[in-house]
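**Student:** Structure below; questions to follow.
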Amino acid sequence: MSDMAALRVEDGRPRSTGTAASVRAGVKSYRRGGKEVRALNHVTVPFPAGAVTAVMGPSGSGKSTLLRCAAGLEQLTTGDVYIGDTELGELDDRERALLRRDRVGFIFHVPGLSPAVSAADGMLLPQYLAGTRGGRPGGRPGIVFVDEPADRPARAGSSEAQELLLDTAAGGCRTIVVVTHAPGVAARAEQAVFLDEGRVAGVCRQPSENLIRERLADLARRPRTHPAPGAQ
Numbered sequence: 002m003s004d005m006a007a008l009r010v011e012d013g014r015p016r017s018t019g020t021a022a023s024v025r026a027g028v029k030s031y032r033r034g035g036k037e038v039r040a041l042n043h044v045t046v047p048f049p050a051g052a053v054t055a056v057m058g059p060s061g062s063g064k065s066t067l068l069r070c071a072a073g074l075e076q077l078t079t080g081d082v083y084i085g086d087t088e089l090g091e092l093d094d095r096e097r098a099l100l101r102r103d104r105v106g107f108i109f110h111v112p113g114l115s116p117a118v119s120a121a122d123g124m125l126l127p128q129y130l131a132g133t134r135g136g137r138p139g140g141r142p143g144i145v146f147v148d149e150p151a152d153r154p155a156r157a158g159s160s161e162a163q164e165l166l167l168d169t170a171a172g173g174c175r176t177i178v179v180v181t182h183a184p185g186v187a188a189r190a191e192q193a194v195f196l197d198e199g200r201v202a203g204v205c206r207q208p209s210e211n212l213i214r215e216r217l218a219d220l221a222r223r224p225r226t227h228p229a230p231g232a233q
């Protein structure tokens, strides 16, 4: 059994009960230059309720694509996405939009904006997670998906924002799925999912920072056999 295969069965503290969202046998394909490119290749990932899941892997491994599909912002080519017990493929466009509005949060980097966390960000993020916007209650998302910038210079500020998010969520049993390149951020998660070339390369429960660094180094040493340009 390989190290990455063994990673699937490692366990630490008891897992959260229930599943806030899941992707099952997910395939996401694009056409580029007349060829099919698979950003996700038969990916199955559950996101436990009340837990933080970190999604990691080399650039182009499909991390951001997984987040967008899991959040209902993009549709899989084949496979299923569930938010709780609701299968998104069974909903029409209006129903999906209402579900995203009422049950899903998505925080992502906007190119051109400062990557650093501003004072306003620090004030608004706790309100968002608590379900208050402008001092009014309501609209608290059941699951929050957090992406990070694709460009390296912006990631330092992004990691600070992710740390703030986890600090804010820690006492509220929020379900968070975060794409990160920072082992220190991922080590605070209950679950780390490693992607490589659009496939799940391993899942670790209660990962340590050292273990995460080892797994990322292992993935970096692997030859790239099916590069997926544009799949982040």
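In the numbering used here, the protein residues as written are 2 to 233.
Backbone N, C-alpha and C define an ideal beta-carbon position, used for all residues, glycine too.
#1: Decide if the segment 77-88 is in contact with the segment 196-207; the criterion is three or more beta carbon pairs, one per stretch, under 8 Å apart.
#2: Can you give me the Cβ contacts of ARG32 inside the same chain, cut-off strictly under 8 Å, excluding the 5 residues immediately before and after it?
#3: Can you confirm whether ASP148, when its beta carbon is compared against all beta carbons of chain B, has any partner nearer than 8 Å?
#4: Select from SER30, LEU92, VAL53 the residue whose C-alpha is nearest the C-alpha of ILE177.
#5: Can you look up THR66 in the DSSP assignment and give me helix, strand or coil?
#6: Using C-beta distances below 6 Å, list every residue in its chain close to ASP94, excluding the 5 sequence neighbours before and after it, in chain order.
#7: Alpha carbon to alpha carbon, how far is GLU198 from GLY58?
#8: Does the Cβ-Cβ distance between ALA71 and VAL28 come in under 8 Å?
#9: Ordered along the chain, which non-local residues of its own chain (more than five positions away) have a Cβ less than 7 Å from that of PRO47?
#10: What are the boundary residues of the alpha helix (DSSP H) that includes PRO184?
#11: Of the choices GLY143, LEU41, GLY34, whose alpha-carbon is the least far from that of ALA26?
#12: Where does ARG97 fall in DSSP's three states?
#13: Where GLY51 and LEU67 are concerned, what is the direct C-alpha to C-alpha distance, given to the nearest angstrom?
**Tutor:** Per the coordinate set shown:
#1: no
#2: VAL38
#3: The chain inventory of the structure shown lacks chain B, comprising one protein chain alone.
#4: VAL53
#5: helix
#6: none
#7: 9 Å
#8: no
#9: THR20, SER23
#10: 184-187
#11: LEU41
#12: helix
#13: 19 Å
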